[in-house]
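Residue numbers 57 to 260, in our numbering, belong to the letters of the sequence shown in order. For every residue, glycine included, the Cβ atom is placed at its ideal position computed from N, Cα and C. Predicted, not measured: the structure shown is a model, and the values here were computed from it. Read the structure below first, then the notes.
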Amino acid sequence: MIKICAESIKQAKYKCCPKSFSKSDRQQKLVKQVPFFLNKKNEAIIDTRVFVAMCNLHRDFSTYSFVVIEKGQGENGTIPGYYAEDYMLQAAQQLKAADPGLQVYFYLNSVLDWPMYRMHYVLEIYMCIYTFLNHSKWWLRNYTQNVDHISGDPSFNGWENMLVFDLSQQDCLSFWATECLNMTLTGYFDGCNADRVYSLLING
């Protein structure tokens, strides 16, 4: 289990956003425990509609202990204003409707800032709006202090030269973890799948 801080919603909004997540700020937050598991390799990409239809045909989800909704869900979708999180949530809702007891996990890369995610552009934290693109201090840099870029799986859109989360910074870690927390608070995700953790271990 990983502890993630969530705000106790007591007011409509802040007059200004905090520049950092200080200890005093965190003391005012509720603590929520969210199940995490770590993934090293993408075993398969399953279209959710096919998966649900397949399971409905057999009337049995018991073959699967859990399901992870991948980042590519709906990446070719055309709904205005929709990001990966929206399509992934729709997929989770379909699965839960078919079997409310099925464990459904939200996919979140621990290294790569995939551009199909809303968090790449905007994420609400503590009632304030943040964007990874506008926080260059959160971008991982190499030993020459140049911004690091890494390419990912070419099976997905926007896979080349992505920014990397510098999770050694507490503020960046809080930003990243809040994405998971927000998705579990929808009630359709039971936890998060943190992918590519081996890169963090290899690179220290």
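- Boundaries of the beta strand (DSSP E) harbouring residue 251: 247-251, taken from the DSSP string.
- Residue 177 counts as exposed, since fewer than 16 other beta carbons sit within 10 angstroms of its beta carbon.
- In the DSSP assignment, residue 195 forms a beta bridge with 221.
- For residue 163, there is no enclosing alpha helix (DSSP H); the residue is part of the beta strand (DSSP E) that begins and ends at 160-165.
- Taking 8 angstroms as the upper bound for CB-CB distance, residue 161 and residue 231 are not in contact here, some 20 angstroms apart.
- For residue 125, the enclosing beta strand (DSSP E) starts and ends at 123-125.
- Using a Cβ-Cβ distance cut-off of 8 angstroms, the region 155-169 and the region 217-235 are in contact, since at least three pairs of beta carbons, one from each stretch, lie closer than that value.
- If you look at residue 226, you'll find it in the alpha helix (DSSP H) that goes 226-240.
- Non-local beta-carbon contacts of residue 148 in its own chain, meaning distances under 8 angstroms to residues more than five positions away in sequence, involve 125, 160, 162, 242, 244, 245 in chain order.
- Rounded to whole angstroms, the separation of the alpha carbons of residue 228 and residue 192 is 10 angstroms.
- Under the three-state reduction of DSSP, residue 180 is assigned to strand.
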